[in-house]
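These protein sequence lines map, in sequence, to chains D and B. Residues in the first sequence are numbered consecutively from 92, following my numbering. Residues in the second sequence are numbered consecutively from 92, following my numbering. Glycine is no exception: its CB is placed at the ideal position from the N, C-alpha and C atoms. Quick caveat, the model's predicted, so the values are computed rather than measured. Report on the structure given below.
2 protein chains.
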Amino acid sequence: MDDEEFKQRLEELIEDRHSGASELARLGLEIAAQCAQSAEVKKTIELRHYLAERAEALGAVRPSMSPLKNLMEEWKESLEVLPDEVNEARVTATENAMHLAEQSTKASFEAAALTSALVGDNKTIITHSFSSTVLEVFHLLKSRSVRAIVPESRPLCEGGDLAEHLSQWDIPTTYITDAQVGLFAARADVAIVGADTLLADGSTINKAGTLLLAMAAHAEKVPFYVCCESFKICQQEEPPALEEMSPAELGTTQWPGVSVSNIYFDITPAHLITGWCTERGAPDPGIGGK
Amino acid sequence: MDDEEFKQRLEELIEDRHSGASELARLGLEIAAQCAQSAEVKKTIELRHYLAERAEALGAVRPSMSPLKNLMEEWKESLEVLPDEVNEARVTATENAMHLAEQSTKASFEAAALTSALVGDNKTIITHSFSSTVLEVFHLLKSRSVRAIVPESRPLCEGGDLAEHLSQWDIPTTYITDAQVGLFAARADVAIVGADTLLADGSTINKAGTLLLAMAAHAEKVPFYVCCESFKICQQEEPPALEEMSPAELGTTQWPGVSVSNIYFDITPAHLITGWCTERGAPDPGIGGK
Numbered sequence: 092m093d094d095e096e097f098k099q100r101l102e103e104l105i106e107d108r109h110s111g112a113s114e115l116a117r118l119g120l121e122i123a124a125q126c127a128q129s130a131e132v133k134k135t136i137e138l139r140h141y142l143a144e145r146a147e148a149l150g151a152v153r154p155s156m157s158p159l160k161n162l163m164e165e166w167k168e169s170l171e172v173l174p175d176e177v178n179e180a181r182v183t184a185t186e187n188a189m190h191l192a193e194q195s196t197k198a199s200f201e202a203a204a205l206t207s208a209l210v211g212d213n214k215t216i217i218t219h220s221f222s223s224t225v226l227e228v229f230h231l232l233k234s235r236s237v238r239a240i241v242p243e244s245r246p247l248c249e250g251g252d253l254a255e256h257l258s259q260w261d262i263p264t265t266y267i268t269d270a271q272v273g274l275f276a277a278r279a280d281v282a283i284v285g286a287d288t289l290l291a292d293g294s295t296i297n298k299a300g301t302l303l304l305a306m307a308a309h310a311e312k313v314p315f316y317v318c319c320e321s322f323k324i325c326q327q328e329e330p331p332a333l334e335e336m337s338p339a340e341l342g343t344t345q346w347p348g349v350s351v352s353n354i355y356f357d358i359t360p361a362h363l364i365t366g367w368c369t370e371r372g373a374p375d376p377g378i379g380g381k
Numbered sequence: 092m093d094d095e096e097f098k099q100r101l102e103e104l105i106e107d108r109h110s111g112a113s114e115l116a117r118l119g120l121e122i123a124a125q126c127a128q129s130a131e132v133k134k135t136i137e138l139r140h141y142l143a144e145r146a147e148a149l150g151a152v153r154p155s156m157s158p159l160k161n162l163m164e165e166w167k168e169s170l171e172v173l174p175d176e177v178n179e180a181r182v183t184a185t186e187n188a189m190h191l192a193e194q195s196t197k198a199s200f201e202a203a204a205l206t207s208a209l210v211g212d213n214k215t216i217i218t219h220s221f222s223s224t225v226l227e228v229f230h231l232l233k234s235r236s237v238r239a240i241v242p243e244s245r246p247l248c249e250g251g252d253l254a255e256h257l258s259q260w261d262i263p264t265t266y267i268t269d270a271q272v273g274l275f276a277a278r279a280d281v282a283i284v285g286a287d288t289l290l291a292d293g294s295t296i297n298k299a300g301t302l303l304l305a306m307a308a309h310a311e312k313v314p315f316y317v318c319c320e321s322f323k324i325c326q327q328e329e330p331p332a333l334e335e336m337s338p339a340e341l342g343t344t345q346w347p348g349v350s351v352s353n354i355y356f357d358i359t360p361a362h363l364i365t366g367w368c369t370e371r372g373a374p375d376p377g378i379g380g381k
């Protein structure tokens with residue numbers, strides 16, 4: 092993979108609106124593995140240096156989404172102990188990337204399994220946006236009389252993708268505008284969302300609108316869980332930047348003097364979150380054992 | 092106006108998504124005045140009976156919007172003292188309707204004037220949906236460095252109509268999805284919304300999404316005012332029905348087993364409202380002098 096192609100793959104990750112944070116991280120690991128296989132280097136030390144740079148670049152493209160950064164960091168650390176022979180080193184680096192992707196997939200599944208056990212039979216779940224882990228929760232509960240309330244999640248309405256899956260699984264679903272979340276929170280037994288990043292203070296970064304759902308759930312005493320793999324825990328103290336996407340995604344008129352804002356994420360504070368549900372437990376005690 | 096035409100005018104009021112509660116009430120009074128002029132009756136007692144029925148029908152078409160009901164009630168009461176001569180009675184009934192419409196317009200303007208004085212210079216106002224009274228607040232403040240944050244207000248995006256007006260008045264405006272309200276509340280100095288109905292317990296019915304804005308404003312300690320004429324105060328104990336409109340307005344796919352909900356209004360509880368601003372005062376002490 093030459094520099095031009097790598098740059099293009101980075102652009103694809105930046106522009107990707109369909110994949111969640113976990114899928115993007117796994118896509119990043121795939122790209123990393125391809126870099127390991129195709130690197131034009133002759134020595135392991137060169138390979139390590141080259142791949143560390145690639146990992147840094149990959150880890151930085153989606154600042155609001157921690158798993159990409161975290162998994163790239165882990166992969167970069169694993170490069171410290173590569174075999175001396177360069178082609179063996181390529182194989183090890185590739186295998187390490189694939190192994191991390193598998194770990195992430197497994198962790199997401201286990202988080203979903205623990206969450207579905209926590210929810211139990213015959214419940215109405217309200218969510219926001221599209222999370223592959225929350226989708227798995229619905230999948231695990233589909234023969235257990237689960238029902239769904241799904242906000243559209245403007246601007247690109249990922250809620251519609253979720254509704255389509257739930258329809259295929261015959262899960263009774265109510266689809267609403269984001270503005271109706273205040274009306275519908277009281278009709279749910281539990282609120283469950285995915286996450287792009289879990290922060291050290293127990294707060295959570297997820298698609299814009301999650302904060303409003305958490306407020307509405309809190310007002311109605313509906314438990315609010317964040318369900319995801321622990322690779323989403325952000326180790327740094329300061330919260331990462333909240334990515335802003337193209338205003339054109341709103342599909343609105345351009346009025347002079349009116350700036351259209353499209354911040355993709357918001358931060359839900361810990362006091363509105365009943366618990367994180369990760370592969371380590373539901374609820375997960377978190378970094379500081381909250 | 093024959094029965095068929097009257098039925099059609101009622102349908103137009105039911106289908107009207109552009110006019111706010113106050114404008115709809117004034118449209119109702121116009122229709123009432125036309126009924127008074129064209130009624131095929133020979134005696135004042137017949138006219139009174141006929142118009143009372145028309146007023147009942149007009150007052151019932153938009154249950155979430157109190158001014159229509161309230162102004163029709165007031166008009167119906169005014170019919171008790173009509174002149175004996177039937178054509179004089181027509182004139183009086185017509186004049187009464189026009190007078191009530193003027194009172195309503197004046198009250199809305201005075202509510203806006205008191206609110207703009209309360210807000211003062213150089214402030215950022217966040218609102219929700221489109222209210223002609225809130226529009227008047229912006230109009231009164233346009234040379235006083237006011238700025239606006241305007242959520243789109245799905246499904247029909249009345250926020251866009253507001254943004255267009257603000258653009259014409261050169262008021263710096265940020266236009267956002269409803270899902271970003273949690274992010275943007277903290278950037279406002281004050282939240283101001285209109286209302287469809289003010290309830291006896293101090294709570295307020297307005298376009299769906301208002302409740303979420305109130306929660307977000309409350310969390311950020313941003314004062315939240317409801318600005319409207321006092322004809323919007325609902326006298327009955329029980330809150331009126333929250334109207335539901337066609338799911339087709341969301342413009343979404345029809346997935347089997349997925350019901351699309353389009354409830355147009357929500358109720359913001361009194362504890363999230365800093366005050367009502369009506370023509371009687373800003374804040375208005377309300378029914379019970381809260």
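Enclosing alpha helix (DSSP H) for D:Thr-196 [first to last residue] = Counting along the chain, the alpha helix (DSSP H) containing D:Thr-196 begins and ends at 177–210.
Beta-carbon spacing of B:Ala-112, B:Asp-287 below 7 Å = Their beta carbons are under 7 Å apart, which means B:Ala-112 touches B:Asp-287 by this criterion.
Name the residues in the stretch 336–365 of chain D whose C-beta lies less than 8 Å from a C-beta of chain B; which are they?
-> Listed in sequence order: Leu-341, Thr-343, Thr-344, Trp-346, Pro-347, Gly-348, Val-349, Ser-350, Val-351, Ser-352, Asn-353, Ile-354, Asp-357.
Beta-carbon separation of D:Ala-276 and D:Ala-307 under 7 Å?
-> At a Cβ-Cβ threshold of 7 Å, D:Ala-276 and D:Ala-307 count as neighbours.
Proximity of D:Ile-364 and D:Leu-333 at Cβ, strictly below 7 Å | Using a Cβ distance threshold of 7 Å, D:Ile-364 and D:Leu-333 do not count as a contacting pair.
Among B:Ile-216, B:Glu-193, B:Cys-126, the one whose alpha carbon lies nearest that of B:Val-313 = Residue nearest to B:Val-313 within the set B:Ile-216, B:Glu-193, B:Cys-126 is B:Ile-216 (criterion: CA-CA distance).
Please confirm if B:Ile-216 has its CB atom under 7 Å from at least one CB of chain D.
-> Judged by the 7 Å Cβ criterion, B:Ile-216 is not in contact with chain D.
Taking Cβ to Cβ, would you say D:Leu-383 is nearer than 7 Å to D:Cys-325?
-> This structure cannot speak to residue 383 of chain D, because chain D is shown only from 92 to 381.
Secondary structure of B:Ile-136, DSSP reduced to three states = In the three-state reduction of the DSSP assignment, B:Ile-136 falls in the helix class.
Around the Cβ of B:Ala-151, are there at least 16 other Cβ atoms within 10 angstroms (buried) or fewer (exposed)?
-> With fewer than 16 other Cβ atoms from the protein chains shown falling within 10 Å of its own Cβ, B:Ala-151 counts as exposed.
Within-7 Å CB hit, D:Gly-300 to chain B | For D:Gly-300, a Cβ of chain B is located within less than 7 Å of the residue's own Cβ.
Does any residue of chain B bring its CB to less than 7 Å from the CB of D:Ala-373?
-> It does not: the Cβ of D:Ala-373 has no partner Cβ on chain B nearer than 7 Å.
Just to confirm, are B:Ala-291 and B:Asp-357 a CB contact at a threshold of 7 Å?
-> No, the pair does not count as a contact, with Cβ atoms beyond the cut-off.
Measuring only between beta-carbons, confirm whether D:Glu-255 sits less than 7 Å from chain B.
-> Chain B contact via Cβ: present.
From D:Ser-195 to D:Leu-138, what distance separates their C-alpha atoms?
-> Put simply, the backbone Cα of D:Ser-195 is about 25 Å away from that of D:Leu-138.
Who does B:Ile-324 pair with in a DSSP beta bridge?
-> Paired residue(s): B:Leu-289.
From the beta carbon of D:Ser-155, is the nearest beta carbon of chain B less than 7 Å away?
-> Under the Cβ distance rule, D:Ser-155 does not count among the residues neighbouring chain B, no pair being separated by less than 7 Å.
On the three-state DSSP scale, how would you describe B:Asn-297?
-> Strand, per DSSP.
May I ask you to report which of helix, strand or coil DSSP gives B:Gly-377?
-> Looking at B:Gly-377 - three-state DSSP - the assignment turns out to be coil, as it is neither helix nor strand.
Whose CA, out of B:His-140, B:Glu-168, B:Ala-188, lies closest to the CA of B:Gly-119?
-> Comparing alpha-carbon positions, the option among B:His-140, B:Glu-168, B:Ala-188 lying closest to B:Gly-119 turns out to be B:Ala-188.
Based on the DSSP output, what are the partners of B:Asp-357 in its beta bridges?
-> In DSSP, B:Asp-357 forms a bridge with B:Asn-297.
Counting contacts by CB-CB distance shorter than 7 Å, is D:Ile-283 in contact with chain B?
-> With 7 Å as the cut-off, D:Ile-283 does not count as an interface residue toward chain B.
On the three-state DSSP scale, how would you describe D:Val-237?
-> Residue state, collapsed to three classes: coil.
Of all the alpha helix (DSSP H) runs that stay within the bounds of the stretch 105–137 of chain B, which reach a length of 4 or more residues?
-> Within the stretch 105–137 of chain B, the complete alpha helix (DSSP H) segments of 4 residues or longer fall at 112–129, listed in chain order.
Can you give the Cα-Cα distance for D:Tyr-316 and B:Leu-104, rounded to whole angstroms?
-> So the two alpha carbons sit approximately 43 Å from each other.
Contact check, D:Ala-127 vs D:Thr-185, beta carbons under 7 Å | Yes. Within cutoff.
Can you name, in chain order, every residue of its own chain whose Cβ lies under 6 Å from the Cβ of B:Ser-157, other than the five neighbours on each side?
-> Excluding sequence neighbours, B:Ser-157 sits near Thr-288, Lys-323, Cys-325.
Alpha carbon of B:His-219 to alpha carbon of D:Gln-327, nearest angstrom | Rounded to whole angstroms, B:His-219 to D:Gln-327 spans 36 Å at the Cα level.
Contact set between B:Thr-265 and chain D, taken where Cβ atoms lie within less than 9 Å | Proximity of chain D to B:Thr-265 at the Cβ level (cut-off 9 Å) is accounted for by Val-349, Ser-350, Val-351, Ser-352, in chain order.
B:Pro-376 burial status per 10 Å Cβ neighbour count (16 or more: buried) = Classification for B:Pro-376: exposed.
For B:Pro-246, go through chain D and note every residue whose CB falls closer than 7 Å to its CB, in chain order.
-> Here the neighbours are Thr-268.
Does DSSP classify B:Ser-337 as helix, strand or coil?
-> The answer is coil: DSSP assigns B:Ser-337 none of H, G, I, E or B.
Can you find a CB in chain D that lies within less than 7 Å of the CB of B:Ser-258?
-> Cβ-Cβ to chain D under 7 Å: yes for B:Ser-258.
With contact counted as at least three CB pairs below 8 Å, one residue from each stretch, are the stretch 259–268 of chain D and the stretch 233–247 of chain D in contact?
-> The stretch 259–268 of chain D is in contact with the stretch 233–247 of chain D.
DSSP beta-bridge partners for B:Pro-158?
-> According to DSSP, B:Pro-158 bridges with nothing at all.
Taking B:Val-281 and B:Thr-301 to be in contact with their CB atoms under 8 Å, please state how far apart those CB atoms are, rounded to whole angstroms.
-> Contact doesn't hold; Cβ gap of about 15 Å is too wide.
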